[in-house]
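Enquirer: End of the sequence shown sits at 344 in this note's numbering; the numbers just go up one at a time, nothing left out.
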Amino acid sequence: MKRDFLHITDFTTEEIWETLELSKWIKAKLKKGEDYKPFAGKTMAMIFAKPSARTRVSFETGFFRLGGHALFLGPNDIGIGKRESVSDIANVLSRFNDMIMARLFEHNHILELAENASVPVVNGLTDFNHPCQIMADILTVYEHRGNLDDMKITYVGDGNNIVHSWLALAMRIPFHLTIACPEGYAPDEGMLKVAKEAGLSTIEISHEPMEAVKDADVIYTDVWASMGQKEEAEERRRRFEGFQINDDLMAATGKHTYFMHCLPAERGVEVTDSVCDADYSIMFDEAENRMHAQNAIMVKVMKESM
Ligand code: CP
Ligand code: NVA
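1. Could you please give me the residues that DSSP links to Glu242 through a beta bridge?
2. Which stretch, first to last residue, makes up the alpha helix (DSSP H) that contains Phe102?
3. Closer than 7 Å: is that where the CB of Val261 sits relative to any heavy atom of the ligand NVA?
4. Check Met340 in the structure and name its three-state DSSP category.
5. What does the alpha-carbon distance come out to for the pair Trp262 and Thr178?
6. How would you write the range of the alpha helix (DSSP H) that Val201 sits in, first residue to last?
7. Is there contact between the region 47–60 and the region 69–83, where contact requires at least three CB pairs shorter than 8 Å?
8. Using a Cβ-Cβ cut-off of 6 Å (strictly less than) and excluding sequence neighbours within five positions of Phe110, which residues of its own chain qualify?
9. Taking the Cβ atom as the reference point for each residue, do Ala271 and Ile243 lie within a distance shorter than 8 Å?
10. In chain order, what residues place their C-beta within less than 6 Å of a heavy atom belonging to the ligand CP?
11. So if DSSP puts Ser319 in a beta bridge, which residue, or which two residues, is it bridged to?
12. Return the first residue and the last residue of the alpha helix (DSSP H) that Thr291 is part of.
13. I'd like to check one pair, Ser319 with Asp285: are the Cβ atoms closer than 8 Å?
Following this line, the structure appears as structure tokens:
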């Protein structure tokens, strides 16, 4: 029996809260310089089919600080699904490593990897979702607000992998989620339907950013063209006109609102420098929390797989 973390919904509501508390506990321990080495003698293989700064550095640093050793396997190293089948890779890495983290294009590939691996698999982003990011995001909001009560999050931008994980979180924790996107750039219909049918959170799609941000506690954005879509970047810049997070949009919330971005940001495109660098921007706390949230996720799935 082993646990994977491929989707936010792989954890129950109780487990999400437990993971948030564990993240805070491990973070405090590491900040105090105390010894906490649950991964002593263990190794983790990290498969990257796409580029990364935060995911690579946070997983590698986090696994090391918890006593283990993480191996980076870049796009040209193993050629998952090309040089070798996903299931063969899963079987082989499971013979060497105690955990696998993967950032892949096709979501089906991470499902297949997890199905064939005998060790826990953690999703470091696919074309469909980015669950570790959203765990770090909600940890950041929790730390800044002190609670997650009566909270409105407005996501402005492309209905992409980040949004799919926000929708998944809305199935586990109740909040108001408004997604403001241009016509034709809404999140996956099936995911939206399932999240709405879960009936826990209020979920709205809007095409009017100025309206959508009213009363928002958090405004969140991401790049308009994700990895694998960069050739559409120019067309998207035209289609997303009016969806940039700037001082006017931040002011339109009518209250104190945090700004968040999973990063990397294309400054001057989906968000202005003035917003990124404002006092209300918590995007670097958010980036730091990738490591703390993931440490807790890894500790939990490892413990429950032994
Ligand atoms: N937010 C995030 O996943 O960043 P990287 O693509 O740099 O890993
Ligand atoms: N939506 C972005 C997220 C990057 C962390 C992408 O997939 O490129």
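Note that the Cβ used here is the ideal one computed from N, Cα and C, for glycine as well.
None of these values were measured; they are calculated from a predicted model.
Expert: In brief:
1. Thr216
2. Arg92 to Arg103
3. yes
4. helix
5. 23 Å
6. Following the DSSP letters along the chain, one finds Val201 inside the alpha helix (DSSP H) bounded by residues Asn199 to Leu207.
7. By the Cβ criterion, the region 47–60 is not in contact with the region 69–83, since fewer than three pairs of Cβ atoms, one from each stretch, lie closer than 8 Å.
8. Met84
9. no
10. Ser90, Ala91, Arg92, Thr93, Leu163, Gln171, Cys300, Leu301 and Pro302
11. By DSSP's assignment, Ser319 forms a beta bridge with Phe297.
12. Taken as a continuous stretch (DSSP letters only), Thr291 belongs to no alpha helix (DSSP H), as it is neither H nor E.
13. No, the Cβ-Cβ distance between Asp285 and Ser319 is not below 8 Å.
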